[in-house]
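If you read the sequence shown in the UniProt record's numbering, its first letter stands for residue 1, the second for the next number, and so on. Where is the CB? At the ideal position from N, CA and C, for every residue including glycine. Please read all numbers here as calculations on a predicted model, not as lab measurements.
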Amino acid sequence: MKIISSKIVITVLLVFATVLSFAQKDFQGQAYYQTKTSLDMNFGGRQMSEEQKKQIAERMRSSLEKIFILTFNQSESFYKEEEKLEAPAQGGGNMRFRMMGAGGGEYYKNVKEGKLIQQADLYGKQFLIVDSLPKLNWDMGSESKMIGQYLCFKATAVRKVVGGTAMPFGRNNNENQVEAPTEYTVTAWYTPQIPVSQGPSDYWGLPGLILELHDNNTVILCSKIVLNPTEKEKLKVPSKGKVVTTAEYEKIAQEKEAEMRENSGGRNMGGGGRGPF
1 MKIISSKIVI TVLLVFATVL SFAQKDFQGQ AYYQTKTSLD MNFGGRQMSE
51 EQKKQIAERM RSSLEKIFIL TFNQSESFYK EEEKLEAPAQ GGGNMRFRMM
101 GAGGGEYYKN VKEGKLIQQA DLYGKQFLIV DSLPKLNWDM GSESKMIGQY
151 LCFKATAVRK VVGGTAMPFG RNNNENQVEA PTEYTVTAWY TPQIPVSQGP
201 SDYWGLPGLI LELHDNNTVI LCSKIVLNPT EKEKLKVPSK GKVVTTAEYE
251 KIAQEKEAEM RENSGGRNMG GGGRGPF
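Structure (structure tokens):
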């Protein structure tokens, strides 16, 4: 109990030590996140050798491992993938599936107004998702750890899975169906030393910047933070694409996946999950 209290006291002192910096009207920060998504290699229930799995993982590395930049101030943030030159395509490029929670799109969050604007690409078509920020009931505990020079505290929340109730494998949809979970637990590590209610993608709502996030099969870890950069960036608000709500977008995505699954003879095309991360 004394150890927990000491950590809390230290955190409070650190917050007070930086509060003047965050009180500036033109305050801005940038957080760089590395994302890594694990993938079930037993596609369609088919067993593969370790060598085959290794080859597929290597070909898909650019899709499974990404770097994102979160630019934020006291009330707004803009989250996008870091721009980089695309590597030449290797074999296996015909494997199409929607990366659930693995990257894609741009996110603008305004926590003061409770607004979320996301630009997403679904099978080559752009959508502009305009909706309220998702509200998660965070359970904030006393467990803590250091991430770089920042003292972080653990918080968890339950998030519902958006998608079908079953994941059909194989050509016959009546065989080998696996019931998919309807919800899962998200784990976040946030630091009160940066007292902004922001985080990667659509995550927010904690009394400090989220530096680490475990979202289903994706791990997001902050690798670099820049506070009050010399050259400030204007926070971009996405504006391209067909305007839809989150529910409308997920319905379109599910219908498209069902259509592609039917055209592919009933094979699973990567359904289940929340949507592009």
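Extent of the continuous alpha helix (DSSP H) run through residue i
{"i": "residue 254", "result": "246-263"}
Beta strand (DSSP E) segment containing residue i, residue limits
{"i": "residue 189", "result": "183-191"}
{"i": "residue 217", "result": "Element bounds for residue 217: n/a, residue is neither H nor E."}
{"i": "residue 362", "result": "Missing from the structure shown is residue 362; the chain here goes from 1 to 277 and no further."}
{"i": "residue 121", "result": "115-122"}
{"i": "residue 72", "result": "65-72"}
{"i": "residue 34", "result": "29-37"}
{"i": "residue 146", "result": "139-147"}
{"i": "residue 107", "result": "106-110"}
{"i": "residue 158", "result": "150-160"}
{"i": "residue 203", "result": "Segment: none, residue 203 is in no beta strand (DSSP E) and carries neither H nor E."}
{"i": "residue 233", "result": "No beta strand (DSSP E) holds residue 233; DSSP gives it neither H nor E."}
{"i": "residue 77", "result": "76-81"}
Beta-carbon proximity list for residue i, same chain, < 6 Å, skipping 5 on both sides
{"i": "residue 67", "result": "34, 82"}
{"i": "residue 242", "result": "127"}
{"i": "residue 4", "result": "At residue 4, the pLDDT of 49 sits below 50, so the modelled position is not reliable; the number obtained from the coordinates is stated separately. Taken in chain order, the residues that qualify are 142."}
{"i": "residue 269", "result": "The predicted model places residue 269 with a pLDDT of 48, which falls under 50 and marks its position as unreliable, so this point remains unresolved."}
{"i": "residue 217", "result": "37, 38"}
{"i": "residue 263", "result": "none"}
{"i": "residue 64", "result": "37"}
{"i": "residue 223", "result": "32, 34"}
{"i": "residue 95", "result": "With a pLDDT of 39 at residue 95, under the threshold of 50, the modelled position of this residue cannot be trusted, and the question is left open."}
Sub-9 Å separation of residue i and residue j beta-carbons
{"i": "residue 221", "j": "residue 152", "result": "no"}
{"i": "residue 32", "j": "residue 77", "result": "no"}
{"i": "residue 235", "j": "residue 73", "result": "yes"}
{"i": "residue 325", "j": "residue 144", "result": "What is shown of the chain runs 1 to 277, which leaves residue 325 out entirely."}
{"i": "residue 213", "j": "residue 219", "result": "yes"}
{"i": "residue 69", "j": "residue 148", "result": "no"}
{"i": "residue 155", "j": "residue 206", "result": "yes"}
{"i": "residue 237", "j": "residue 29", "result": "no"}
{"i": "residue 109", "j": "residue 198", "result": "yes"}
{"i": "residue 150", "j": "residue 185", "result": "no"}
For residue j and residue i, believed in contact at Cβ under 8 Å, the rounded distance
{"i": "residue 182", "j": "residue 160", "result": "6 Å"}
{"i": "residue 231", "j": "residue 71", "result": "Rounded, the Cβ-Cβ distance is 12 Å, inconsistent with contact."}
Own chain partners of residue i with C-beta closer than 7 Å, once the 5 adjacent residues on each side are dropped
{"i": "residue 137", "result": "157"}
{"i": "residue 279", "result": "This structure cannot settle anything about residue 279, because the visible part of the chain is limited to 1 through 277."}
{"i": "residue 240", "result": "119, 126, 128"}
{"i": "residue 229", "result": "28, 30"}
{"i": "residue 26", "result": "232"}
8 Å CB neighbourhood of residue i in its chain, flanking five on each side removed
{"i": "residue 252", "result": "122, 127, 244"}
{"i": "residue 146", "result": "152"}
{"i": "residue 189", "result": "145, 147, 152, 153, 154, 155, 210, 211, 212, 213"}
{"i": "residue 80", "result": "68, 69, 106, 107, 236"}
{"i": "residue 281", "result": "Because the chain in this structure spans residues 1 to 277, residue 281 falls outside the shown range and cannot be described."}
Within-9 Å CB hit, residue i to chain E
{"i": "residue 231", "result": "Any reference to chain E falls outside this structure, which holds one protein chain only."}
Touching or not, the stretch 198-205 and the stretch 129-140, by the rule of three or more beta carbon pairs under 8 Å?
yes
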